[in-house]
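Colleague:
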C-alpha cells in the first residue's frame with residue numbers, strides 16, 4: 052500500500068469518537084505504518100499538571116490501530132490489540148503538540164508486533180514508548 056495524503060481519513064475513524072475527542076490528526080498512513088499528531092488540552096492533564104498517562108496511552112493506541120488496519124481493506128477482518136506495554140519517559144503539558152509514529156515490526160499469520168514512539172513535536176524528546184501485540188479476527192460488525 053502506498054502512503055495516503057494527510058487529508059484522507061482512515062475509514063476506521065468514521066465512528067471513532069475517542070480519537071475524535073482527542074483531536075487526532077492523521078499525518079501519514081502506509082503499509083504497517085501510521086503517524087498522527089494532537090495538541091494536548093488542559094482537560095488531559097492530571098493533578099500534577101502533566102499529561103495523564105491514559106491520554107498518552109489512548110493516543111498511542113490510536114496510532115497502533117491505524118497501523119494495524121489497512122485503510123483500503125475489504126472490512127472482512129479487523130486487527131485489535133492482544134496486549135500492550137507502555138513506558139512513560141518524559142512529561143508533556145497542556146498546549147504542547149505531540150506526534151505518534153507507529154511501525155509494524157513483525158507479522159506472522161494473524162499476529163503482529165508494533166512499536167509506537169510518542170514524541171514532542173520537534174522530535175527532540177521521546178515522551179513514551181508503546182509496544183503493541185495485535186491479532187486479526189473476523190469483523191463481526193460487517194453486514
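Numbering (my numbering), first residue to last: 52 to 194. Quick reminder that beta carbons are idealized off the backbone N, C-alpha and C, glycines included. Please read these numbers as outputs of a predicted model, since none were measured by experiment.
DSSP state of residue 75, grouped into three classes?
Modeller: Three-state DSSP puts residue 75 in coil, outside helix and strand.
Colleague: Sort 71, 169 and 157 by Cα distance to residue 147 and report the nearest one.
Modeller: For the residues 71, 169 and 157, the minimum Cα distance to residue 147 belongs to 169.
Colleague: Kindly indicate which residue of 78, 155, 154 and 163 has the alpha-carbon position closest to the one of residue 133.
Modeller: Nearest of 78, 155, 154 and 163 to residue 133, Cα basis: 163.
Colleague: Does the beta carbon of residue 95 sit closer than 7 Å to a beta carbon anywhere in chain B?
Modeller: Among the chains of the structure shown, chain B does not appear; only one protein chain is present.
Colleague: With 16 other CB atoms within 10 Å as the buried threshold, where does residue 192 fall?
Modeller: Exposed: under 16 other Cβ atoms inside 10 Å.
Colleague: On the DSSP bridge list, what partners appear for residue 183?
Modeller: DSSP, once it has assigned bridges, lists 135 and 165 as partnering residue 183.
Colleague: Are the region 91–100 and the region 115–123 touching by the rule of at least three beta carbon pairs closer than 8 Å?
Modeller: Because the criterion of three Cβ pairs below 8 Å is not met, the region 91–100 and the region 115–123 do not touch.
Colleague: Going by other Cβ atoms of all chains shown within 10 Å of its Cβ, with 16 needed for buried, is residue 129 buried or exposed?
Modeller: So residue 129 ends up on the buried side.
Colleague: Give the C-beta separation of residue 175 and residue 151 to the nearest angstrom, bearing in mind that I take them to be a contact with Cβ-Cβ under 8 Å.
Modeller: With 8 Å as the limit, residue 175 and residue 151 do not qualify as a contact, their Cβ atoms being about 15 Å apart.
Colleague: Which residue marks the beginning of the alpha helix (DSSP H) containing residue 122, and which one marks its end?
Modeller: Premise fails: residue 122 is in no alpha helix (DSSP H) and is neither H nor E.
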